[in-house]
Structures are given as structure tokens and as C-alpha cells.
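**Student:** I have a structure I would like to understand better, so I am pasting it below and will then ask my questions one at a time.
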Amino acid sequence: MDLNETLQILNPWWKTGTVSEELAKAFKRDIFYEAEKLSTKRQCLLVTGLRRVGKSTILYQLIANLLPQKTVYFNFDRQIEEIEDILNAFGKITKTDWQKEKIFVFLDEISKLSGWGNKLKLLYDALPNIKFILSSSSSFQLEKEAISSLAGRYFMLRIEPLSFKEFIVIKGKQKYVENIILWEKELKSLAKEYILKPFPEITDWEEEQLIKEYIQTTIIDKVVREDIGEKYKNIKKPLILFLIQLFFSEPGTYIDYDVLSKQQHISKKTLFEHIRYLQATYLIRKINNFRPSLFASSRKLQRIYPYWWSLSVPYCTNEDKLFETIVGSCINAKFYWRDAGKEIDFLVVNNKKIIPIEAKNKKEIPSRELKHLQYFMQKYSLKQSYVICRESNQEPLKNIQIIQLWQWLLELPCKQENQLITLY
Numbered sequence: 371m372d373l374n375e376t377l378q379i380l381n382p383w384w385k386t387g388t389v390s391e392e393l394a395k396a397f398k399r400d401i402f403y404e405a406e407k408l409s410t411k412r413q414c415l416l417v418t419g420l421r422r423v424g425k426s427t428i429l430y431q432l433i434a435n436l437l438p439q440k441t442v443y444f445n446f447d448r449q450i451e452e453i454e455d456i457l458n459a460f461g462k463i464t465k466t467d468w469q470k471e472k473i474f475v476f477l478d479e480i481s482k483l484s485g486w487g488n489k490l491k492l493l494y495d496a497l498p499n500i501k502f503i504l505s506s507s508s509s510f511q512l513e514k515e516a517i518s519s520l521a522g523r524y525f526m527l528r529i530e531p532l533s534f535k536e537f538i539v540i541k542g543k544q545k546y547v548e549n550i551i552l553w554e555k556e557l558k559s560l561a562k563e564y565i566l567k568p569f570p571e572i573t574d575w576e577e578e579q580l581i582k583e584y585i586q587t588t589i590i591d592k593v594v595r596e597d598i599g600e601k602y603k604n605i606k607k608p609l610i611l612f613l614i615q616l617f618f619s620e621p622g623t624y625i626d627y628d629v630l631s632k633q634q635h636i637s638k639k640t641l642f643e644h645i646r647y648l649q650a651t652y653l654i655r656k657i658n659n660f661r662p663s664l665f666a667s668s669r670k671l672q673r674i675y676p677y678w679w680s681l682s683v684p685y686c687t688n689e690d691k692l693f694e695t696i697v698g699s700c701i702n703a704k705f706y707w708r709d710a711g712k713e714i715d716f717l718v719v720n721n722k723k724i725i726p727i728e729a730k731n732k733k734e735i736p737s738r739e740l741k742h743l744q745y746f747m748q749k750y751s752l753k754q755s756y757v758i759c760r761e762s763n764q765e766p767l768k769n770i771q772i773i774q775l776w777q778w779l780l781e782l783p784c785k786q787e788n789q790l791i792t793l794y
């Protein structure tokens, strides 16, 4: 199939005048409105995130708000060498003078195009009439090219899986949020459902095994095969699969790079590289041991979690670990604390303000299990902390708020600053 035919298939709105609801879903996520606002700026907009979180849907929703004949969409799952070839074919088909007229160019999975940063820089600098909106499932590839070639020329926006509030809206249960006391039982039930399937495409699925297969095949396996296997050189696939099995079956694994590299008979450099590949493709997140007195973190005893808890569902049978991972994911965790046998699950650190958070998959929290938290708060003169539990009616303790997981997911009272929107 030649480029002209491919573009006409990818851009049906050139003929119909509208974007179908199958592509541009009626439900708009909160992050869509940020993308819409940034799409009016001169800078390129780079959209990144884990596979199946809805990046392409947001692109289609943006296209739906524009003039059909002035937009072109291309997905780099298809092979092509030059962005200019797309523009020439677009101009020929739609009779648009793309070098002069105001147009919008949507390039999906841009990091699959070799050397895309320099190619885009030339077009961006020469043609201020073109707004470029790009997406990629690999943060490392996207940022590496963008930082080296597009400094000062782009915004980056990261898309996460659905929030609990978004899930509630998709399920048509907004009234539950208006009176959480009245609808507490129903919200608890919805939270259990949400935890299993926070991806837009499967919110109505019921079969748990089918959901697990979806996560395994359409997200994890595809990342390994395409986002890692096709992009990075010298990949050791057995090592990648071993690390996935290790980190997903035991979320929160403490990693000793010396020991693990010796066990696998590889160099530390190779181990570092392969862990970075998993991190760059949103399969894992590294949590660093925090040193509050220095406002710094230690590389010793890093902990590795699935980037989003649902990735561990096909692997993990430890409900306590899964519970902990849910909390870490939804706060975008970057730090924990461990010192002299004492440990706090997570720390949210924003502008040097520290909020310790403990995850307890229990109904009642014995006072002895809060001793490390109380010690940490007293040592560093902190006045706020949270204990997230499965179900509890315990009264808050001094400076410690005990909150059930479903309420936490609904309110998210604190979160590690995400830099969701960043100008580079």
C-alpha cells in the first residue's frame, strides 16, 4: 500500500468531514483539557505514557475539534523515512498548501522514526504555521531526542491510566460521588472493580482471566516485543522477561545490583541498562531511599515496583504487596525511607515538604505498627501523615489520618508532583 492510500485510511475525516466516535470517544478525560489548552501554543506537544492508556484517543479528540482538511494523522507503526513525505502527500490529497496554511500534524508513536528530533526541528523552525502533536510509549526515547534536538520547542504531557473518579464517570455512576455516605457500599464495590481494570478499553469487561490476558498480551508483551525489542540494541530478552517476572510477582523488591548481576552472570552495566529499558517504557518505577536531613536520596537499596499496579495482576498473588503497589502508583511514588531497621512505605516530597504514607492491607491497625511512622514524624517535626488501609473506622491519631483505600483513590489528598506539563 502506498503512502497516499495509507493516509486516506488513517484520515477518514477528509471524506466524511467528522471524526467518528469510535476514534474520538465521547468521554473526555481530565488530561484532555490540558492537551487542548497546550495545542493552541506554538510549541510542539509531546504526549507520552504506558500503552493502552488512551494516548491515541486524545489525539483523535483534538482532531475532532479542528478543520478536517487542515489536519493530518500518521502512525509510525507503519514504516516511512521522512515527515516531509507525509506533508507532501497530505498537501496533494487535500489540496492544502502546507508550507503556508495553518495546519495540525499528529504523529503517533513518533519515536519509531529514526532521528525524528532533528527532522522535526528543521520543520518546526522553518514553518511556524504548523502545529506538531506527537505521541510515544517510550519516555526515554522521546525525551532523549526531544532534549537534544527540540530544546525550548516542546511541552510534554504524560497520560496515566484512568483515575477512580474517571472510572466512576465512565460507568455512569457520578451520583455516587455527590453523596459518598449514602453510596459508600456501592463505591467500595466500584473501587474493587476499578483496581482490576483501570484501562479505558476494558472498563466494561467482567471476566477476570480475560482482563489478565489483556494486560499480559496487549500491554506487557507488546512493550517487550515492540517498545523494547525494536528500539534498543543488544537486548537480552531472557533477562527482560526474568526482571518482569521478578518485579511484578514481588512488587517492592529491594534491589542489590551487585548480587543480582552475579546471580544472572551479567555485568552491572547490562543490568542497569535493562532496568532502564523497563523504566523508560512505563513498566516499572524505581523508589529511592530518602535522606530527609539532606533532602537527597540514596541509590542503595532501591525498591522496584510495577509502574502501575494493574501490571502485576497477572503475576502477583500477594494481596499485601498488591495493596502497597496501588498506593505507590496513585501517588506517583519516588521515595521511601529505611534506616536502622525502621521503614516507611512511601514519602511524598514536594517543595521540601515531607508527607509519610503507610499502606496497610488490614481492617484495623495495631498501634505497634505505627511506631516507625510516629518515630519518623517526631524526629523530623512533621505534622501530617496518612495510613491507607483496606477498611477501618479507627479515629485519626495525632497528626496521622487513617483512610480507607477507596476513599484515598477518590480524594487523593496528596501526590508526588508529577510535572505533567513541562516546557523544555
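To get the working numbering, take the position in the sequence shown, counting from 1, and add 370.
Positions of the beta carbon are idealized from the N, C-alpha and C atoms, including for glycine.
Alpha carbon to alpha carbon, how far is Lys723 from Ser755?
**Tutor:** If I take the Cα positions, the gap works out to 11 Å.
**Student:** Kindly give me the distance between the Cβ atoms of Ile589 and Arg422, rounded to whole angstroms, as I take these residues to be in contact under 8 Å.
**Tutor:** Right, the Cβ-Cβ distance comes to about 5 Å (below 8 Å), so this counts as a contact.
**Student:** Who pairs with Gln774 in a beta bridge, going by DSSP?
**Tutor:** Its beta-bridge partners are Cys759.
**Student:** Return helix, strand or coil for Ile450, following the three-state DSSP convention.
**Tutor:** Of the three classes helix, strand and coil, the one that applies to Ile450 here is coil, per DSSP.
**Student:** Rounding to the nearest angstrom, what Cα-Cα distance links Arg673 and Asn702 in this structure?
**Tutor:** If you take the alpha carbons of Arg673 and Asn702, they lie about 14 Å apart.
**Student:** Helix, strand or coil for Glu479? Go by DSSP, reduced to three states.
**Tutor:** Correct three-state label for Glu479: coil.
**Student:** Expressed to the nearest angstrom, what Euclidean distance is found between the alpha-carbon atoms of Thr441 and Ala434?
**Tutor:** Spanning the two alpha carbons is a distance of roughly 10 Å.
**Student:** For Trp678, which residues of its own chain have a beta-carbon under 6 Å away from its beta-carbon, when the five flanking residues on both sides are left out?
**Tutor:** Hits under 6 Å: Pro531 and Ser699.
**Student:** With distances taken from CA atoms, which of Phe476, Tyr494, Glu452 and Lys470 is nearest Arg412?
**Tutor:** It is Tyr494.
**Student:** To the nearest angstrom, report how far apart Asn720 and Gln771 are at their CA atoms.
**Tutor:** Whole-angstrom Cα-Cα distance: 19 Å.
**Student:** Assuming Lys656 is part of the beta strand (DSSP E), what are its boundary residues?
**Tutor:** Here the beta strand (DSSP E) through Lys656 covers Ile654 to Arg661.
**Student:** Could you tell me which whole alpha helix (DSSP H) segments of length 4 or greater appear in the segment 466 to 549?
**Tutor:** List check, alpha helix (DSSP H) in window: 486 to 496, 509 to 519, 534 to 540 and 544 to 548.
**Student:** Assign Leu790 to buried or exposed, taking buried as 16 or more other Cβ atoms, counted over all protein chains shown, within 10 Å of its Cβ.
**Tutor:** Interpretation of Leu790 is limited by its pLDDT of 45, a score under 50 that renders its predicted location unreliable; no figure is taken from the coordinates.
**Student:** Quick one: what's got a C-beta closer than 8 Å to Lys601's C-beta in the same chain, skipping five residues either side?
**Tutor:** Cβ within range, chain order: Ser481, Lys482, Ser508 and Gln511.
**Student:** Report the start-end ranges of each beta strand (DSSP E) in the segment 602 to 649 that is 3 residues or longer and not cut off at the edges.
**Tutor:** Listed in chain order, they are 623 to 625.
**Student:** Mind checking whether Ala405 and Ile428 have CB atoms under 7 Å apart?
**Tutor:** Going by C-beta atoms, Ala405 is nearer than 7 Å to Ile428.
**Student:** Hey, would you say the C-beta of Ser506 is under 6 Å away from at least one heavy atom of the ligand FMN?
**Tutor:** Of ligands this structure carries none, so the ligand FMN is not represented either.
**Student:** I'd like the list of long-range same chain contacts for Ser619, defined as Cβ closer than 6 Å, with 5 residues on each side in sequence excluded.
**Tutor:** Cβ within range, chain order: Tyr685 and Cys686.
**Student:** Provide the residue span of the alpha helix (DSSP H) that contains Phe444, from first to last.
**Tutor:** Not the alpha helix (DSSP H): Phe444 falls in the beta strand (DSSP E), residues Thr441 to Asn445.
**Student:** Apply the 10 Å Cβ neighbour rule to Asp597 and answer buried if 16 or more other Cβ atoms are within range, or exposed otherwise.
**Tutor:** Classification of Asp597: buried, given that the 10 Å Cβ count is 16 or more.
**Student:** Within its chain, find whatever has a CB closer than 8 Å to the CB of Ile610; leave out the 5 residues flanking it on each side and keep chain order.
**Tutor:** Cβ within range, chain order: Val594, Ile598, His644, Tyr647 and Leu648.
**Student:** Let me check one thing: in DSSP terms, what residues is Pro726 bridge-paired to?
**Tutor:** Pro726 pairs with Leu717.
**Student:** Enumerate in chain order the residues of its own chain whose CB-to-CB distance from Phe746 is below 6 Å, with the five nearest sequence positions on each side excluded.
**Tutor:** Only Ile714 and Pro726 meet the Cβ criterion.
**Student:** Going by CA-CA distance only, name the one from Lys732, Glu479, Ile538 and Pro498 that's closest to Cys759.
**Tutor:** Ranking Lys732, Glu479, Ile538 and Pro498 by Cα distance to Cys759 puts Lys732 first.
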